[in-house]
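Presented below is the structure to which this report refers.
Numbering (full-length UniProt numbering), first residue to last: 1 to 323.
Right under this line is the structure:
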């Protein structure tokens, strides 16, 4: 099982609504907000379930109306939410503003179910959980973020760990603590996925991208993650193995509706392909065959292309990629 560890929230997506008051500067139409299930880690879990992987989600999940919506969506995509900590705290809301198809987020997370996790209440994992995935805004703040970091540290060396920092610096209340937490989690992961924006935030300065990636791979005493994946939007993706080889794949051609959930779906596609091929552990150790890496990155790009072709985070089902 791949256990995704992180936020499950409600994306409030703008949409024309008759009778609504315009809320976006310059909007021609009256605009309201429609609730959609979301969150980077939630999206990755949904995509993995749809791609046929045995998947679970560890998160703080509310019993409120929105929490029920999230739970129903997980069940519909064959994701086990039995690892979630349920509470009566409210669900996190993320109001989305789309600019030229790109999403900007405004989060309401104070005293939420997602923020209520504590490091002394970590789940016990069964032997069938062989992979942990972390990322998103869940790593930004407070005891909940420390809970995910503590789980990653506890399971380091026992299970495959992948992290996509998906940096949201503006959401962090303590940037220094956020940087320190991400640095430790990146160093302890077997697989790290970053965008170029993530990379430049984690490692400020004018050094070339590849130099910064090699810095991640070097880790402590030359034993950092086995694989760093760099996503470059319309320019595709690159995989850098600690053993030396670099693999590049192009982006898939798609008519873009928006980019919500694209990176999350890419993560799921890569993990699904590598799991089915039995090489995810090889990726984490840096010993993955470059041609297999190319295939797995390509599958992630194909899955992401479907997601960007339709509004919101709506990852493909496995049969959509087989046709």
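Glycine is no exception: its CB is placed at the ideal position from the N, C-alpha and C atoms.
Whole beta strand (DSSP E) elements within the region 176-251, 3-residue minimum: 191-195, 227-231, 237-241, 246-249
With a floor of 3 residues, list each beta strand (DSSP E) that falls wholly inside the region 93-159, ordered by position along the chain. 93-99, 102-108, 131-135
Kindly list the residues whose CB is nearer than 8 Å to the CB of residue 155, restricted to its own chain and excluding five residues on each side of it in sequence; keep chain order. 125, 132, 161
Assuming residue 56 contacts residue 82 (C-beta within less than 8 Å), just tell me the rounded distance between them. 7 Å
Would you mind stating whether residue 247 and residue 238 have Cβ atoms separated by less than 8 Å? yes
So, for residue 141: in the same chain, excluding its five sequence neighbours on each side, which residues have a beta-carbon less than 8 Å away from its beta-carbon? 109, 115, 171, 172, 173, 174, 178
Specify the secondary structure class of residue 51 as computed by DSSP and reduced to three states. coil
Can you give me the C-alpha to C-alpha distance between residue 42 and residue 300, rounded to a whole angstrom? 17 Å
My output table needs one value for residue 34: the three-state DSSP class, helix, strand or coil. strand
Hey, would you say residue 286 sits closer than 8 Å to residue 241, going by beta carbons? yes
Residue of 67, 75, 6, 46 minimising C-alpha distance to residue 35: 67
How many angstroms separate the CA atom of residue 30 from the CA atom of residue 153? 48 Å
Coarse secondary structure for residue 7, derived from DSSP in three states: coil
Tell me, which residues are paired with residue 162 by DSSP? 133, 191
Beta-carbon within less than 6 Å of residue 54's beta-carbon, same chain only, minus the 5 sequence neighbours each way: which residues are those? 1
Give me the Cβ distance between residue 70 and residue 8, rounded to the nearest whole Å; I'm assuming they're in contact under 8 Å. 5 Å
Look at the alpha carbon of residue 100 and the alpha carbon of residue 158, and state the distance between them as a whole number of angstroms. 43 Å
In whole angstroms, give me the CA-to-CA distance for residue 201 and residue 4. 24 Å
What first and last residue would you give for the beta strand (DSSP E) that runs through residue 86? 85-87
Would the beta-carbon of residue 91 fall within 8 Å of that of residue 138? no
Cβ separation of residue 245 and residue 290, assumed to be a contact under 8 Å, to the nearest whole Å: 4 Å
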